[in-house]
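K.L.:
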Amino acid sequence: MTKTIGLISLPGWDDPTAQELSDISHDKIEVQSVMLAESVANYTLDGMASSDGALMEAAARLAQNGCDIVACVGTSLGWAGQPNTNAARLRARRIAAKAGVPLIMTGTAIIDMLGLLGARRPALACTYHPADWKNAWHHYVFNTGFDVTVAQNFRDAGIVGPASLPVALRNPSPKLIKEAVLGIAASAPDSDAIVVTGMGARTLNLTLELETTVGMPVLGADTALYAALSLAANLSLVEGCLGQLTSYLIPNELSAAKAAETR
151 MTKTIGLISL PGWDDPTAQE LSDISHDKIE VQSVMLAESV ANYTLDGMAS
201 SDGALMEAAA RLAQNGCDIV ACVGTSLGWA GQPNTNAARL RARRIAAKAG
251 VPLIMTGTAI IDMLGLLGAR RPALACTYHP ADWKNAWHHY VFNTGFDVTV
301 AQNFRDAGIV GPASLPVALR NPSPKLIKEA VLGIAASAPD SDAIVVTGMG
351 ARTLNLTLEL ETTVGMPVLG ADTALYAALS LAANLSLVEG CLGQLTSYLI
401 PNELSAAKAA ETR
């Protein structure tokens with residue numbers, strides 16, 4: 151049965167999520183997208199934290215158009231203004247209940263996928279996020295119960311990259327992302343995973359190479375969202391497409407078949 155996935159995106163960039171989802175799924179999916187107005191998603195933490203009404207309206211519109219599940223593309227839409235993941239989950243449930251459709255937030259998906267990986271000491275590569283966003287994200291992850299080893303943005307790492315939102319979303323080059331991940335791995339070798347945010351820093355096509363180089367899981371905002379969607383929609387994914395995380399995401403019926411083969 152074809153699943154229809156709704157995406158709520160931030161303004162000011164060319165969001166590749168719809169195409170990438172189709173590329174990594176063996177199952178047929180349909181994708182619909184809604185972009186928030188710039189007056190709502192104004193690239194301030196306060197603006198993201200007060201976006202409940204706009205998210206509810208966008209999710210309800212996608213549900214009315216036949217979407218089975220809706221995902222918010224943009225890490226900060228899920229965690230801005232929330233002290234920890236428990237609070238963020240409650241907020242997402244309230245929005246989903248009003249909209250009448252299941253809702254996935256990238257900010258909680260990252261936490262869930264760290265849990266699947268068994269990571270407890272993540273390093274946070276915050277790429278182009280400014281200092282106040284980096285610090286707020288650090289506190290959110292720490293208050294959720296993780297022992298954060300380090301949090302760095304491009305400036306902390308001495309990397310010259312995009313400096314302001316939303317211009318920074320178009321888009322950090324793979325070279326900059328690699329430099330940030332390799333640098334943070336070297337500065338915090340006791341980490342057991344590296345988390346890469348925000349959504350403009352695309353890691354899907356870099357994950358396997360990065361994990362091989364740094365010797366630990368690398369979890370991007372994009373790949374965490376895809377993993378959460380694959381679980382929610384029971385999608386069969388291309389083998390290894392999300393790096394080490396992929397092996398935890400095999401649909402139940404495939405897991406049973408593989409288990410039977412080994413008996």
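Counting in the numbering used here, the sequence shown runs from 151 upward without gaps.
We treat Cβ as the ideally placed atom computed from N, Cα and C, and that holds for glycine.
Since the structure is predicted, the reported quantities are computational estimates derived from the model, not experimental observations.
1) Within the continuous alpha helix (DSSP H) that includes Ile327, where are the two ends?
2) Decide if the region 200-210 is in contact with the region 231-247; the criterion is three or more beta carbon pairs, one per stretch, under 8 Å apart.
3) To the nearest angstrom, report how far apart Ala269 and Asp342 are at their CA atoms.
4) Can you tell me which of Gly370, Ala221, Val223, Ile179 puts its alpha carbon nearest to the alpha carbon of Leu358?
5) Do Val251 and Ala213 have their C-beta atoms within less than 7 Å of each other?
6) Given this structure, state the Cα-to-Cα distance separating Asn234 from Thr294, to the nearest angstrom.
7) Assuming contact is defined by CB atoms lying nearer than 7 Å, are Ser159 and Asp165 in contact in what I supplied?
8) Quick check: what's the CA-CA separation for Gly197 versus Lys325?
9) Check whether the Cβ atoms of Ile254 and Ala221 lie closer than 7 Å to each other.
10) Going by the beta-carbon positions, is the gap between Ala307 and Gly348 smaller than 7 Å?
11) Rounded to a whole number of angstroms, what is the C-alpha to C-alpha distance between Leu381 and Leu399?
12) On the three-state DSSP scale, how would you describe Thr152?
13) Give the secondary structure of Ser159 by DSSP, where H, G and I count as helix, E and B as strand, and everything else as coil.
14) Please name the residue or residues paired with Ala301 in a DSSP beta bridge.
15) Just the Cα atoms here: how many angstroms apart are Gly156 and Val184?
16) Please say whether Ile344 and Ala301 have beta carbons closer to each other than 7 Å?
17) What are the boundary residues of the beta strand (DSSP E) that Ile254 is part of?
18) Are the CB atoms of Ile219 and Ala336 nearer to each other than 7 Å?
19) What span of residues does the alpha helix (DSSP H) with Glu207 cover, start to end?
20) Since Ser183 is in the beta strand (DSSP E), which residue starts that stretch and which ends it?
21) Express the C-alpha separation of Pro272 and Phe296 in angstroms, rounding to a whole number.
22) Name the two residues that bound the continuous alpha helix (DSSP H) containing Val364.
P.N.:
Looking at the coordinates:
1) Taking the first residue of the sequence shown as 1, we reach residue 327 at position 177. For Ile327, the enclosing alpha helix (DSSP H) has its first and last residue at 324-337.
2) Yes, the region 200-210 touches the region 231-247.
3) Counting from one through the sequence shown, the residue named residue 269 turns up at place 119. Counting from one through the sequence shown, the residue named residue 342 turns up at place 192. Approximately 6 Å, taken between the alpha carbons.
4) Taking the sequence shown and counting its residues from 1, the one referred to as residue 358 is at position 208. Of all alpha-carbon atoms in Gly370, Ala221, Val223, Ile179, the one lying nearest the alpha-carbon of Leu358 is that of Gly370.
5) Looking up residue 251 in the sequence shown gives position 101. Looking up residue 213 in the sequence shown gives position 63. Closer than 7 Å, so yes.
6) The count along the sequence shown starts at 1 and reaches residue 234 at position 84. The count along the sequence shown starts at 1 and reaches residue 294 at position 144. Answer to the nearest angstrom: the Cα atoms are 5 Å apart.
7) As a working note, residue 159 is residue 9 in the sequence shown. As a working note, residue 165 is residue 15 in the sequence shown. Yes, these two residues count as a Cβ contact at 7 Å.
8) One-based indexing of the sequence shown puts residue 197 at position 47. One-based indexing of the sequence shown puts residue 325 at position 175. One Cα belongs to Gly197, the other to Lys325, and the distance between them is close to 30 Å.
9) Walking along the sequence shown from the start, residue 254 turns up at place 104. Walking along the sequence shown from the start, residue 221 turns up at place 71. One thing to note: Ile254 has its Cβ within 7 Å of the Cβ of Ala221.
10) What you label residue 307 is simply residue 157 of the sequence shown in a count that begins at 1. What you label residue 348 is simply residue 198 of the sequence shown in a count that begins at 1. Not closer than 7 Å, so no.
11) Stepping through the sequence shown from its first residue, residue 381 is reached at position 231. Stepping through the sequence shown from its first residue, residue 399 is reached at position 249. Approximately 6 Å, taken between the alpha carbons.
12) Stepping through the sequence shown from its first residue, residue 152 is reached at position 2. DSSP places Thr152 in coil when its eight states are reduced to three.
13) The sequence position of residue 159 within the sequence shown is 9, counting from 1. DSSP, read as helix, strand or coil, puts Ser159 in strand.
14) Mapped onto the sequence shown, residue 301 falls at position 151. According to DSSP, Ala301 bridges with Leu274.
15) As a first step, residue 156 must be located in the sequence shown, where it is residue number 6. As a first step, residue 184 must be located in the sequence shown, where it is residue number 34. CA-CA distance, Gly156 to Val184, rounds to 8 Å.
16) Numbered from 1 along the sequence shown, position 151 holds the residue referred to as residue 301. Numbered from 1 along the sequence shown, position 194 holds the residue referred to as residue 344. Ile344 sits away from Ala301, with the two beta carbons spaced by 7 Å or more.
17) Residue 254 sits at position 104 when you count from the first residue of the sequence shown. Looking at the DSSP string, the run of the beta strand (DSSP E) that includes Ile254 is 253-255.
18) Reading the sequence shown from its first residue, position 69 is the one you call residue 219. Reading the sequence shown from its first residue, position 186 is the one you call residue 336. The Cβ-Cβ distance between Ile219 and Ala336 does not fall below 7 Å.
19) Along the sequence shown, read from residue 1 onward, the residue named residue 207 stands at position 57. Counting along the chain, the alpha helix (DSSP H) containing Glu207 begins and ends at 202-214.
20) Position 33 of the sequence shown, counted from the first residue, corresponds to residue 183. Element bounds for Ser183: 179-185.
21) As a position in the sequence shown, residue 296 is number 146, starting the count at 1. As a position in the sequence shown, residue 272 is number 122, starting the count at 1. Straight-line Cα distance between these residues: approximately 7 Å.
22) Walking along the sequence shown from the start, residue 364 turns up at place 214. Val364 -> alpha helix (DSSP H) spans 357-364.
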